[in-house]
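Peer 1:
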Ligand SMILES: NC(=O)c1ccc[n+]([C@@H]2O[C@H](COP(=O)([O-])OP(=O)(O)OC[C@H]3O[C@@H](n4cnc5c(N)ncnc54)[C@H](O)[C@@H]3O)[C@@H](O)[C@H]2O)c1
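Numbering (the numbering used here), first residue to last: 2 to 259.
What follows is the structure in structure tokens.
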């Protein structure tokens, strides 16, 4: 029997990968991971100067990336970005729907403005970026969508009521997308990271008490690094996951097992 016929199922080289929120944090890390794996990376963010720096850093290392400006809360901006990527690379094979925001405050003090801000990026943004790119993938005959959840998709986190609401929603919307897009050979999955040090989580890391609380709940003890997300991301972007859709991979050092 010869099942793999010499194929490396995890090979993603040559794929065009769009990453939203690629100016900083985990998105910037994903951009490097996919570029180092031989992909052409479309780095998109609302912080255009910073995302240009991400693309420049990747190109300086001899890999392929271009920067694109997008505000994921505006459909018009999403459409413009998609058209620019198609012009530059001709297709989009993988979407990493990563742009997200958080604002820590007690439930009873959440303002309508903050509620709208977080939901417009984390829910509406993820929804309409996926919708626009799915249309392109349908025409191409397939693709991979990776939406980014969180621990907050599963458990409540104090003073993160809106964030947790949106991240629970990301998993639910991904399930529906996976059902509707399956017949078009588009797999839709989620990655739910635990705690990773980025501009978003730096305040928790810097607060000794909060940090100790977090670390006491991680069986593998340490905070994650973006390299810890590379395996799951490459798996979900590659042929290795062709029969996996509507799933979520928790990358949390074991937190949710307890
Ligand atoms: N860091 C963690 O520990 C952690 C844990 C679980 C989930 N996540 C999720 O991972 C994703 C990335 O988080 P991070 O920690 O790297 O955060 P981050 O704040 O470092 O990066 C978020 C990026 O999204 C961009 N962005 C924000 N609003 C945008 C908009 N309207 N349009 C386009 N881009 C926009 C920002 O400019 C920024 O570059 C988020 O969805 C977050 O919820 C992070």
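Where is the CB? At the ideal position from N, CA and C, for every residue including glycine.
Measure the C-alpha to C-alpha separation of residue 100 and residue 2 and round it to an integer number of angstroms.
Peer 2: 44 Å
Peer 1: Less than 6 Å between C-beta atoms, sequence neighbours within five positions excluded: which residues of the same chain meet that for residue 78?
Peer 2: 71 and 72
Peer 1: Any idea which residues DSSP pairs residue 191 with across the strands?
Peer 2: For residue 191, which the question treats as bridged, DSSP gives the partners 148 and 249.
Peer 1: For residue 16, count the other beta carbons within 10 Å of its own beta carbon; 16 or more makes it buried, fewer makes it exposed. Which is it?
Peer 2: Answer is buried; the Cβ neighbour count reaches 16.
Peer 1: From residue 32 to residue 213, what does the alpha carbon distance come to, in whole angstroms?
Peer 2: A straight-line Cα-Cα distance of about 30 Å links residue 32 and residue 213.
Peer 1: Considering only their Cβ atoms, is the gap separating residue 176 from residue 151 smaller than 8 Å?
Peer 2: no
Peer 1: Could you tell me the distance, in whole angstroms, from the CA atom of residue 67 to the CA atom of residue 86?
Peer 2: 9 Å
Peer 1: Per DSSP, residue 225 is paired with what?
Peer 2: 197
Peer 1: Grab me the residues of residue 180's own chain with a C-beta within less than 8 Å of its C-beta, minus the 5 sequence neighbours each way, in chain order.
Peer 2: 247
Peer 1: Under 7 Å from any heavy atom of ligand 1, does the C-beta of residue 85 make it?
Peer 2: Distances taken from the Cβ of residue 85 to the heavy atoms of ligand 1 include none shorter than 7 Å.
Peer 1: Using CA atoms only, rank isn't needed, just tell me which of 159, 22 and 142 is closest to residue 185.
Peer 2: When each option's Cα is compared against that of residue 185, the closest is 142.
Peer 1: Below 7 Å, is the gap between the Cβ of residue 201 and the nearest heavy atom of ligand 1?
Peer 2: yes
Peer 1: Using a Cβ-Cβ cut-off of 8 Å (strictly less than) and excluding sequence neighbours within five positions of residue 48, which residues of its own chain qualify?
Peer 2: If you ignore the 5 residues before and after residue 48, its C-beta comes within less than 8 Å of the C-beta of 24 and 25, all in its own chain and listed in chain order.
Peer 1: Looking only at DSSP bridge pairs, what is residue 208 linked to?
Peer 2: Partner(s): none; residue 208 has no beta bridge.
Peer 1: Rounding to the nearest angstrom, what Cα-Cα distance links residue 188 and residue 146 in this structure?
Peer 2: 6 Å
Peer 1: Where does residue 94 fall in DSSP's three states?
Peer 2: coil
Peer 1: Give the DSSP bridge partners of residue 20, in chain order.
Peer 2: BP columns for residue 20 point to 44 and 97.
Peer 1: Run the CB neighbour count on residue 96, radius 10 Å, all protein chains shown included, and call it buried at 16 or more, exposed below.
Peer 2: buried
Peer 1: Specify the secondary structure class of residue 85 as computed by DSSP and reduced to three states.
Peer 2: helix
Peer 1: Does the distance from the CB of residue 253 to the CB of residue 193 come in under 8 Å?
Peer 2: Yes; because the gap between Cβ atoms is below 8 Å, this pair is in contact.
Peer 1: Just verifying my parser: in three-state terms, what is the DSSP assignment at residue 11?
Peer 2: coil
Peer 1: With burial defined as no fewer than 16 other Cβ atoms inside 10 Å of the residue's Cβ, what is the status of residue 35: buried or exposed?
Peer 2: buried
Peer 1: Mind checking residue 232: buried by the 16 CB within 10 Å criterion, or exposed?
Peer 2: exposed
Peer 1: Counting Cβ pairs closer than 8 Å, one from the segment 100-115 and one from the segment 153-164, do we hit at least three?
Peer 2: yes
Peer 1: Distance check for residue 209 and residue 148, CA to CA, integer angstroms please.
Peer 2: 31 Å
Peer 1: Would residue 59 and residue 93 be called neighbours here (beta carbons separated by less than 8 Å)?
Peer 2: no
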